[in-house]
Structures are given as structure tokens and as C-alpha cells.
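These notes are about the structure you will find just below.
As C-alpha cells, this is what we get:
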């Protein structure tokens with residue numbers, strides 16, 4: 001760079017031995033050596049005299065304060081050598097740049113420029129490249145990088161765990177091995193620990209979806225179980241029991257309106273199995289409309305939530321219609337994402353949709369080739385829904401038991417379905433029967449016979465709606481076996497006691513158990529299409545004194561018969577009810593309705 005002349009005000013001010021051209025600035029030369037120029041102590045008229053030939057006579061230089069990126073780029077190599085390669089701290093770099101290179105900047109200015117150059121000296125896991133300005137990845141500890149020249153060995157950085165791909169079947173099998181053991185007491189068996197899949201939470205997306213769905217589901221179940229009579233339908237909708245097989249083949253519009261979502265999905269699957277896709281599609285669309293109405297309703301019908309989040313997935317899995325389940329859960333997921341964004345049901349629907357898709361894909365991949373009649377194919381793979389469904393059952397029972405007690409009618413109702421539709425032990429069934437008797441006894445002491453009958457009969461209506469559509473051949477055999485054993489025990493008890501005594505505590509309990517068992521046997525016979533056998537069971541259930549208990553149970557049967565189209569049988573029972581009411585002194589109709597509705 002050419003020498004720049006300084007400006008002189010007048011010639012008289014100039015010393016005699018001083019040239020008119022005094023070099024003030026030179027081209028930047030960066031000397032990184034630690035040596036410093038020696039200055040002589042000899043005096044001079046100008047103050048300090050330098051050794052001959054060491055420096056030109058010039059006034060002291062003012063340090064350069066960077067004002068643009070060009071100033072920084074001209075010194076990038078020098079700063080990088082000091083700060084990155086020699087590993088000096090920032091304060092030392094600032095002192096050297098000021099003393100040697102007349103470059104003055106604050107620490108904040110340096111750090112801002114380091115960020116622009118993407119330099120990160122501390123916690124670096126590899127060597128830096130200051131010339132190109134590449135970013136240096138960070139480590140976990142600031143003390144990982146030591147100064148150059150330190151004799152202490154640096155601590156090795158632990159390797160970063162790599163992401164693994166884990167097979168779904170292996171994870172689910174591990175989860176199966178951790179399930180609660182059989183043969184335990186019902187309070188232990190029904191205890192639901194939401195941490196049961198914590199080990200799989202980050203190993204597999206299916207395990208995450210299961211735990212997330214159950215966690216969101218639990219929030220809704222807890223709020224529902226704290227109601228006084230949570231099983232009662234919302235105002236304007238009346239429950240009816242599940243219809244017979246004749247209604248399954250030729251459903252009318254009115255009967256479809258009275259069916260639950262689960263019942264209509266079961267009807268649709270029946271049409272699909274019988275090669276009637278048009279009828280099945282029409283019924284399935286009606287079920288979708290019911291889902292939309294239930295989701296839009298401010299009361300959030302709990303029966304609809306039960307159907308959508310537990311019953312329909314179990315029905316599709318046991319019948320093999322997982323492709324219909326994918327359609328159903330996709331509709332539920334999209335609907336709740338629009339209308340219930342942020343609601344727990346929207347979270348359940350989202351995770352359940354992914355579980356359904358994974359289950360369908362696994363079963364489709366496993367679909368075996370046709371096997372000879374004497375050969376057995378490989379068993380179906382374990383799917384995510386195989387673990388979600390029993391876990392959801394236990395979640396329902398555990399939360400309702402926590403909020404209402406193990407002998408509450410709602411808890412007993414859920415446990416009755418569990419022992420039939422899920423594999424259980426003899427101990428579980430025995431404990432359920434003991435708690436059922438205790439439930440009736442406690443309710444008698446607090447509410448009296450009439451109110452007790454009304455509350456429990458309200459749940460008897462739900463047996464057909466909630467459980468019968470889920471019946472398989474195995475579940476039907478299990479139910480008939482359990483009920484047959486109960487009938488035998490009750491008959492022996494009735495022979496030992498006086499069956500003509502009034503509604504005392506012991507007589508009432510046995511009488512209600514007698515009605516409940518035969519009523520459920522009749523409902524199962526209706527489900528199988530055995531009409532005459534069902535009528536015989538119903539007549540047997542109505543045996544006993546014609547009193548208020550008989551009137552309340554007759555009212556329940558009347559509603560059931562009219563709901564399934566048995567108008568003639570309902571009329572006969574209605575005429576008999578009128579005679580009994582007259583003999584009892586003509587009780588008010590409104591009072592009977594209040595008792596039957598379960599206040």
C-alpha cells in the first residue's frame with residue numbers, strides 16, 4: 001500500500017530534520033510471534049527516541065474499532081488462529097489484537113462475530129475449521145474441552161446411543177409377559193397400572209399409542225364415574241335391549257334408530273358377512289350419524305364413548321373385520337379432530353386409529369395361504385389391539401371401583417361383562433357373586449327395596465346393549481355355563497328357605513338373583529335365535545309373589561319385548577300387570593315410572 005502523507009499546517013512548524021512525508025499507516029501485517037519490539041531509553045527533543053532504523057518517527061497510532069464486516073474479515077484468520085487453534089480465552093485474544101494489531105472490539109462484538117462465523121470453541125466434539133467457518137457440534141459438558149498444554153487427561157465423551165428399530169411383535173410379547181398373573185384376587189386383577197408399558201414407551205410407537213390412548217381415556221372415565229346414576233341415558237333417548245337375530249336380517253328404520261352404535265355396527269357386519277354390502281353400508285352410515293350426534297351432544301353420551309373406544313374395536317378384532325375398523329376409527333379421528341380439538345376423546349381417537357391401522361396391516365401380512373383340512377395354519381400374530389382391549393377393560397373397572405367402590409351397581413355391571421367377555425379364573429367369578437350379593441344388601445339398607453330394584457334394573461337393560469353384540473361362540477358357552485351354575489345354586493337355596501316370605505333381606509337377594517339369571521339367559525337365547533327357549537326363561541324369571549318387585553321387573557320386560565318387536569308377548573304381560581296393580585290397590589302410574597327409572 002502506498003504511503004499516505006500527513007497534513008502539515010505550516011512549514012515553520014516542521015523540524016529541520018523531518019521529511020515532509022511521514023508514514024502514518026502501513027498495510028496490515030499480522031505478526032503472531034510473541035516477541036515485542038525493544039524501545040531505547042535515550043532521550044530526544046520529541047520525547048522518546050527509538051533505535052536507529054527500528055521505527056519511523058510518527059505519532060502513536062489509534063486502534064481501529066470495527067464498523068463493518070470487512071474489518072472483521074480482514075482479521076478473521078488471525079483471530080481464528082488465536083481463539084480456535086491456540087485455544088486462548090477471549091480476554092487474551094482481545095489484549096493481543098489490541099496491542100499487536102491495533103484492533104479494538106468489545107467482548108460482545110467478538111461473540112456476535114463468532115456466531116456469524118458459526119464458531120463454537122467450547123464443548124466441541126471434533127476439530128474446528130476456522131477458515132471455512134463451519135459450525136462445530138456441541139457436547140454435553142462445558143468442561144469437556146481443556147486448554148492446550150494442560151497435563152490433565154480429558155474425560156472421554158460417552159457415545160451417543162443410536163436409534164434402534166424394534167419389532168412390534170417382540171415388544172408386545174414382552175408386554176404380555178408382564179401382565180398381571182391369573183388366579184389373583186379380583187381387586188388385584190382389576191388393578192390397572194398405567195405404567196405397564198413404560199418400558200416400551202420409547203421403543204415402539206404402538207406401545208406409546210396404547211399408553212397415550214389409555215391415559216386420555218382415563219380422564220373421561222373418571223369424570224363419568226363420579227355421577228350419581230351415570231348409566232342413565234341422556235334426556236330424550238330411551239335405551240332398549242339388543243334385538244333378536246330376526247331383526248339382524250331385516251332391520252326396520254325405527255329399530256335402527258333405537259339401536260346403539262355397537263349394535264348397528266354388528267348389524268352392518270352381519271350384512272357384509274351375508275353378501276349384502278348395500279344393506280351393510282346403509283346401516284354403517286347410520287352408525288356414523290349416531291357417532292356424529294353423540295360427539296356433538298354436550299352431554300357426551302357415555303354409551304357412545306364406550307362403543308367407539310372399546311366395544312367396536314373388540315367386535316372388529318374378534319370377527320376379523322379390521323378393514324371396517326380402520327374406516328370407523330378414521331371417521332372418529334377426523335370428526336373429533338374438528339369438533340373436539342384438545343378433548344381427551346380426540347386424543348383417544350387419534351391413537352386408536354393408528355393402533356387399528358397397525359393391527360390391520362399385521363393381519364393382512366399374516367394372511368395365510370389355504371391349508372388342507374388336516375393341517376393347522378400358523379396362529380395369527382399378536383396385534384396392538386390384543387393388548388389395548390383387555391387393558392381398557394381393566395382401566396374401566398379400576399377407575400369406577402376407585403370412585404364408586406367395588407360393590408357399587410355400576411362396578412358390578414362392568415365386572416359381569418368382564419367375566420364373560422375376557423378370560424378369567426374361578427376365583428374372579430366367585431368374588432363377583434359375593435360382591436353382587438353384598439351390593440344388593442347394602443342398597444337395601446340405604447334405599448329400600450323399591451329404589452334398589454329400580455337402580456339395578458336400569459343396569460339390567462344395558463346388559464343386552466353393551467355385551468351381547470360382543471358375544472362369540474366361546475363367550476356364549478362361557479356365559480351359559482356360568483348362568484347354569486348360578487341357577488343350580490339358587491334353586492337349591494330356594495328349596496332350603498321359605499320362598500313365600502316377604503321382602504326381607506335374605507329373601508330379596510335370592511329373589512333378585514333368580515330374576516337376573518333367568519332374564520340374562522332369555523336374552524342370550526334371543527341372541528342365538530331360540531325364541532321359544534327365550535320365552536320359557538322369561539316366564540321362569542317372573543315366578544314369585546305378585547308384589548311391587550314383580551311389577552318393577554314386569555315393566556323392564558315390557559320395554560324389552562316392545563323394543564325387539566314382541567308386541568303380542570308384551571301385551572299379555574301388560575294385561576297381567578294391570579290385574580296385579582288393581583289387586584295391589586291401584587298405585588299411581590307416575591310413581592311406578594319413577595321407581596322403574598331408578599331415581
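Residue numbers (UniProt numbering): 1 to 599. We put the beta carbon where it would ideally sit given N, CA and C, even for glycine. Keep in mind that this is a model prediction, so the values were computed, not measured.
Beta bridge counterpart(s) of residue 436 as assigned by DSSP: Taking the first residue of the chain shown as 1, we reach residue 436 at position 436. For residue 436, which the question treats as bridged, DSSP gives no partner whatsoever.
So, for residue 601: in the same chain, excluding its five sequence neighbours on each side, which residues have a beta-carbon less than 6 Å away from its beta-carbon? The question about residue 601 has no answer, for the chain in this structure spans 1 to 599.
Would you list, in sequence order, the uninterrupted alpha helix (DSSP H) runs of no fewer than 4 residues that lie entirely inside the region 375-455? 385-404, 409-421, 426-447
Grouping DSSP H, G and I as helix and E and B as strand, with all else coil, what is residue 64? Residue mapping note: residue 64 aligns to position 64 of the chain shown, counting from 1. The answer is strand: DSSP assigns residue 64 an E or B state.
For residue 334, count neighbouring C-beta atoms within 10 Å of its own C-beta (all shown protein chains included) and say buried if the count is 16 or more, exposed if not. On the chain shown, position 334 is the one that residue 334 refers to. Result: exposed.
Measure the C-alpha to C-alpha separation of residue 565 and residue 319 and round it to an integer number of angstroms. Here residue 565 refers to the residue found at position 565 when the chain shown is read from its first residue. Here residue 319 refers to the residue found at position 319 when the chain shown is read from its first residue. Cα to Cα, the separation comes out at about 27 Å.
With residue 76 as the anchor, note down where its alpha helix (DSSP H) starts and where it stops. For this step, residue 76 is matched to residue 76 along the chain shown. 76-80 is the extent of the alpha helix (DSSP H) around residue 76.
Contact set for residue 400: own chain, Cβ-Cβ below 8 Å, skip 5 residues either direction: Against the chain shown, residue 400 aligns to sequence position 400. Here the set comprises 221, 225, 408, 410, 411, 414.
Using the DSSP secondary-structure output, state which residues sit across from residue 471 in a beta bridge. Counted from its first residue, the chain shown places residue 471 at position 471. Looking at the DSSP assignment, residue 471 forms no beta bridge with any residue, so it has no partner.
Any contact of the region 415-426 with the region 439-453, i.e. 3+ C-beta pairs under 8 Å? no
Top-ranked residue by Cα proximity to residue 361, from 324, 512, 283, 507: Stepping through the chain shown from its first residue, residue 361 is reached at position 361. The candidate whose alpha carbon is nearest that of residue 361 is 324.
How many whole angstroms separate the CB atoms of residue 608 and residue 381, which I take to be in contact at a CB cut-off of 8 Å? One cannot answer for residue 608 here, as it falls past the ends of the chain, which runs 1 to 599.
To which residues of the same chain is residue 98 closer than 8 Å at the C-beta, ignoring the five residues directly before and after it? The sequence position of residue 98 within the chain shown is 98, counting from 1. Closer than 8 Å at the Cβ level, and outside the excluded window around residue 98, lie 63, 104.
Cutting at 6 Å between CB atoms, please list the residues of its own chain near residue 209, excluding the five before and the five after it. Reading the chain shown from its first residue, position 209 is the one you call residue 209. Closer than 6 Å at the Cβ level, and outside the excluded window around residue 209, lie 351, 354, 355.
Hey, residue 483 and residue 521: beta-carbon distance below 8 Å or not? Residue numbering aside, residue 483 sits at position 483 when the chain shown is read from its first letter. Residue numbering aside, residue 521 sits at position 521 when the chain shown is read from its first letter. Yes, these two residues count as a Cβ contact at 8 Å.
Would the region 282-292 count as touching the region 444-454 if we require 3 or more Cβ pairs under 8 Å? no
Proximity to residue 321 [Cα-Cα], best of 403, 345, 280: Taking the first residue of the chain shown as position 1, residue 321 is located at position 321. The option with the nearest alpha carbon to residue 321 is 280.
Could you tell me which of 101, 95, 118 sits nearest to residue 107, measuring between CA atoms? One-based indexing of the chain shown puts residue 107 at position 107. The candidate whose alpha carbon is nearest that of residue 107 is 95.
Would you report the Cα separation of residue 347 and residue 274, rounded to the nearest angstrom? Translated into the one-based positions of the chain shown, residue 347 becomes position 347. Translated into the one-based positions of the chain shown, residue 274 becomes position 274. Cα-Cα distance, rounded: 35 Å.
I need the boundaries of the alpha helix (DSSP H) containing residue 512, first residue and last residue. Residue numbering aside, residue 512 sits at position 512 when the chain shown is read from its first letter. That run of the alpha helix (DSSP H) goes 505-528.
Which residue from 398, 427, 556, 270 puts its Cα closest to that of residue 459? Against the chain shown, residue 459 aligns to sequence position 459. The shortest C-alpha separation from residue 459 is found at 556.
When the Cα atoms are used, what is the spatial distance from residue 165 to residue 332? By 1-based counting over the chain shown, the position of residue 165 is 165. By 1-based counting over the chain shown, the position of residue 332 is 332. Model confidence at residue 165 stands at a pLDDT of 42, short of 50, so the residue's coordinates are unreliable and nothing is read from them.
Can you have a look at residue 93 and say buried or exposed, based on whether 16 or more other CB atoms are within 10 angstroms of its CB? Looking up residue 93 in the chain shown gives position 93. So residue 93 counts as buried.
Quick one: any contact between the region 570-581 and the region 461-476, if contact means 3 or more CB pairs under 8 Å? no
Under 8 Å, do residue 311 and residue 470 count as touching if we go by C-beta distance? Reading the chain shown from its first residue, position 311 is the one you call residue 311. Reading the chain shown from its first residue, position 470 is the one you call residue 470. Yes, Cβ-Cβ distance for residue 311 and residue 470 is below 8 Å.
Our contact map puts residue 457 next to residue 523 with C-beta atoms below 8 Å; I'd like the distance itself, whole angstroms only. Translated into positions along the chain shown, residue 457 becomes position 457. Translated into positions along the chain shown, residue 523 becomes position 523. Going by Cβ atoms, the distance from residue 457 to residue 523 rounds to 13 Å, so no, they are not a contact pair.
Quick one: using the 10 Å Cβ neighbour count with 16 as the cut-off for buried, is residue 395 buried or exposed? Looking up residue 395 in the chain shown gives position 395. Buried, by the Cβ-count rule.
Using the DSSP secondary-structure output, state which residues sit across from residue 103 in a beta bridge. Locating residue 103 in the chain shown gives position 103, where the first residue counts as 1. 64.
So is residue 285 buried or exposed if we call it buried at 16+ other beta carbons inside 10 Å? Here the question's residue 285 lines up with position 285 in the chain shown. Counting Cβ neighbours within 10 Å, residue 285 comes out exposed, since fewer than 16 surround it.
Looking only at its chain, what residues have a beta carbon closer than 7 Å to the beta carbon of residue 393, apart from the 5 residues adjacent to it on each side? Looking up residue 393 in the chain shown gives position 393. The residues are 418, 422.
Measuring straight from C-alpha to C-alpha, what distance separates residue 526 and residue 402? Walking along the chain shown from the start, residue 526 turns up at place 526. Walking along the chain shown from the start, residue 402 turns up at place 402. Roughly 35 Å separates the two Cα atoms.
The alpha helix (DSSP H) spanning residue 308 covers which residue range? Taking the chain shown and counting its residues from 1, the one referred to as residue 308 is at position 308. Taken as a continuous stretch (DSSP letters only), residue 308 belongs to no alpha helix (DSSP H), as it is neither H nor E.
Would you report the Cα separation of residue 437 and residue 509, rounded to the nearest angstrom? Against the chain shown, residue 437 aligns to sequence position 437. Against the chain shown, residue 509 aligns to sequence position 509. When rounded, the distance between both Cα atoms is 7 Å.
Which residues in the same chain as residue 405 place their Cβ atom closer than 7 Å to its Cβ, once the five residues preceding and following it in sequence are excluded? As a working note, residue 405 is residue 405 in the chain shown. For residue 405, where only same-chain residues beyond five positions count, the Cβ hits under 7 Å are 411.
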